[in-house]
Amino acid sequence: MASRFARLVCTKCEATYEPDSRLNLCPVAGCAGSLFARYHAAPLDRDAVAGRPRSIWRWHELMPIVKPENIVSLGEGGTPLLRAERLGARAGFTDLWIKDESGNPTGSFKARGLSAAVSKAKELGLTAIALPTAGNAGGAAAAYAAKAGIACHVYMPRDTPRLFPLECERYGASVTLVDGLIDDCGKLVAARAKEQGWHDVSTLKEPYRVEGKKTMGYELAEDLGWELPDAIVYPTGGGTGLIGMCKAFDEMEELGWIGSARPRMIAVQAEGCAPIPKAFDAGKPVSERCADAHTYASGLRVPKAYADYLILRDVRASGGVAVAVSDDDMRAACDAIGAAEGLFIAPEGGAAWAAVQKLAAEGRLDRASRIVLFNTGSGFKYL
Ligand SMILES: *Cc1c(COP(=O)(O)O)cnc(C)c1O
């Protein structure tokens, strides 16, 4: 049950690195691509995990933590995949599901990625992490850092709902509120981290958050009897989960756990911040920064994702689409899901349901297909 972590590989230039390096991005001059963990290929029985606890660490062989004692866990992952029968019936969908991530520690799926990243930071002997956040990543980083005994420095836009910085402070993190957007926070983190020797755990500027989030792909496959759905609808900010799930599908195919069929990956953003749908529609390989990014779904307020090239690549390769919805439609969708399914979802989850209805109305999504939409967090922090 040892980790099969073999090396880091650049997603742009394919340079490879030792698995125990402290690299953030590919150091090849002019590259700076995101790095992916790669694993030794050897047969592994997908049913061998069946008796293990439902957590992201159920997939330990395919996770980058070498020594189990370095795992920093608060019970992340293993979230329910719920059949949304009543919600679907109201709008003519017959095979609709919600992967509900709101029950994760700190109330969002950011727990998955930060459990992995903080565990690896511990394994590498790092003593301080820092990150920019639109809200939920900060809370998750702070919680796992607290559990690991590692210092945590969070940079957040000043207009993020008040509960987000409060939560980070409760976990003992130092919080800096910034007049600007998440990428402005990111620039400050990069500069301060260099000065202070902090480890920067910005989305896809380090290799391990994506490893935590890829476990959503493993869980989906297992829960659906190793048959992937027709479409996955994912509220996209930095894109970690979307990229991570596609990585998981490729890994599972290599292991012989699934075939070559893939779900259509549907990336959802807000009309007030839609760099990915814009680039998708324009046929471009990278996005353009959205200067006046605004939406109440703070997790989607990412004016330019660092790994936009991977998001766009994966959406296109899957035959998916990228689409933007309005904040009003998100609110209505949150109410609809609450009333039909009993879930108090985050606006980002509302965005996913709003997108499904929009695409079906435009004839771009079949109402009889198996659709999984992601509710990525709890609605409580946005009140
Ligand atoms: C961060 C976040 C997102 C976006 O996730 P990415 O994987 O970075 O695209 C969506 N919803 C919520 C609630 C978030 O906190």
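In my numbering, the protein residues as written are -9 to 373. Note that beta-carbon positions come from the ideal geometry of N, C-alpha and C, so glycine has one too.
Within the same chain, Leu114 come within 6 Å of Arg12 by CB-CB distance, once the 5 residues on both sides are set aside. In this structure, Gly227 is the residue among Gly227, Ala132, Ala183, Cys142 with its C-alpha nearest to the C-alpha of Leu171. Under the three-state reduction of DSSP output, Thr285 falls in the coil class, being neither helix nor strand. Relative to ligand 1, Thr366 has its C-beta within less than 7 Å of a heavy atom. At least 8 Å separates the beta-carbon of Lys100 from that of Thr69. Between the alpha carbons of Pro95 and Ala130 lies a gap of roughly 8 Å.
Between the alpha carbons of Cys263 and Arg279 lies a distance of about 9 Å.
Counting only residues of its own chain and dropping the five nearest sequence neighbours on each side, Tyr286 has a CB closer than 6 Å to the CB of Asp317, Pro337. By DSSP's assignment, Cys0 forms a beta bridge with Leu25.
Per the coordinates, the alpha-carbon of Asp220 lies some 14 Å from the alpha-carbon of Asp213. The alpha carbon of Glu91 has as its nearest neighbour, out of Asp174, Ser45, Ala297, the alpha carbon of Ser45.
CA-CA distance, Gly310 to Ala358, rounds to 17 Å. The closest heavy atom of ligand 1 lies less than 7 Å from the beta carbon of Ala124.
Two segments are said to touch when three or more pairs of C-beta atoms, one from each, lie closer than 8 Å; by this definition the stretch 347 to 366 touches the stretch 78 to 86.
In the assembly as shown, Thr193 is a buried residue. Its beta-carbon has 16 or more other beta-carbons within 10 Å. Beta-bridge partners assigned by DSSP to Trp216: none are found.
Distances from the alpha-carbon of Ala141 to those of Glu352, Gly187, Gly103, Asp37 put Gly187 closest. Within 7 Å of the C-beta of Ala133 there is not a single heavy atom belonging to ligand 1. Annotation for Gly228 indicates a beta carbon within 7 Å of some heavy atom of ligand 1. Cβ contact annotation for Asp169 (same chain, cutoff 6 Å, sequence separation greater than five): Arg148, in chain order. Boundaries of the beta strand (DSSP E) around Asn365: 361 to 365.
In the DSSP annotation of this structure, Cys16 is not part of any beta strand (DSSP E), being labelled neither H nor E. Taking one beta carbon from each stretch, the stretch 17 to 30 and the stretch 2 to 9 have 3 or more pairs nearer than 8 Å; the two touch. In this structure, the alpha-carbon of Ala27 lies about 11 Å from that of Arg199. The stretch 151 to 160 and the stretch 365 to 372 touch, with no fewer than 3 CB-CB distances between them shorter than 8 Å. Where Tyr145 is concerned, the enclosing beta strand (DSSP E) starts and stops at 141 to 147. Beta-bridge analysis with DSSP links Lys89 to Leu71, Phe364.
A distance below 7 Å between beta-carbons, with the five flanking residues on each side excluded, links Lys112 to the following residues of its chain, in chain order: Asn60, Val62, Ala138, Ile140. Annotation: Thr1 to Ser288 spans about 27 Å, alpha carbon to alpha carbon. Membership of Val168 in the beta strand (DSSP E) is indicated by the continuous run 164 to 168. Ser98 sits close to Thr366, with the two beta carbons spaced by under 8 Å. With a threshold of 7 Å, the Cβ atom of Gly202 does not count as near ligand 1, since no heavy atom of the ligand is closer than that. Between the stretch 312 to 331 and the stretch 42 to 56 there are fewer than three C-beta pairs closer than 8 Å, too few to call the two in contact. The Cβ atoms of Gly162 and Ala136 sit closer than 8 Å to each other. Sequence-distant partners of Ala106 (beyond 5 residues in either direction) whose C-beta falls short of 6 Å from its own C-beta, in its chain, are Tyr198, Glu201, Gly202. Residue range 221 to 225 is occupied by the beta strand (DSSP E) that includes Tyr224.
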